[in-house]
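Here is the structure we will look at.
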Amino acid sequence: MNAFSSMRISASGLTAERLRMDTITSNLVNAQTTRTAEGKGPYTRKIAVFKEILDAKQNPNGVSAVEIEDDQSEFRKVYDPTHPDAGEDGYVLYPNVNILNEMADMIASTRAYEANVDTLNANKSMFTKALEIGR
């Protein structure tokens, strides 16, 4: 590991957590969307999938976003025969987004982001002190 490896790892963590927060935000915004732009039913919850990056010696070298996949859990069914998207049985399919779970995920993502920022700042401080010693 060289001196900048930890900074590279923290930077990749920042990028990954930013994508995760964007995905969670999209889920929250569409929590009541019963018809997508394509007209194919309700919005489907999205999940960011990450993968660790390893160097040639199998040492950790960061994290990268592999894909954003759809959550395969069931849609919520709500009885509302007056809704324009209600089926013949009077039920409306709502997205498989749980606001409480999304908020908990957002808090965890925010804290991971902050931890990576703190790590970057600590590295910067160590490099600054090392340069001061060399004067």
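Here the sequence shown stands for residues -3 to 131, numbered as in my numbering. Built from N, CA and C at the ideal position, the CB exists for glycine as well.
Going by alpha carbons, who is nearest to residue i out of the options?
i: residue 99; options: 25, -2, 10; result: 25
i: residue 48; options: 60, 40, 41, 42; result: 60
i: residue 65; options: 90, 41, 84, 10; result: 41
i: residue 67; options: 12, 13, 94, 102; result: 94
i: residue 107; options: 13, 126, 82, 2; result: 13
Do you know how far the Cα of residue j is from the Cα of residue i?
i: residue 53; j: residue -2; result: 13 Å
i: residue 30; j: residue 69; result: 16 Å
i: residue 86; j: residue 35; result: 18 Å
Could you give the residue range of the beta strand (DSSP E) that holds residue i?
i: residue 44; result: 42 to 50
i: residue 75; result: 72 to 75
i: residue 113; result: Looking at the DSSP string, residue 113 is not in any beta strand (DSSP E); the run it does join, the alpha helix (DSSP H), is 95 to 129.
i: residue 151; result: In the structure as shown, the chain starts at -3 and stops at 131, and residue 151 therefore has no counterpart that could be examined.
Below 8 Å between beta carbons: does that hold for residue i and residue j?
i: residue 80; j: residue 27; result: no
i: residue 19; j: residue 44; result: yes
Over what stretch of residues does the alpha helix (DSSP H) that includes residue i continue unbroken?
i: residue 13; result: 1 to 25
Quiz item: Using 8 Å as the threshold, is the segment 112 to 121 in touch with the segment -3 to 6, meaning 3 or more CB pairs across them?
Solution: yes
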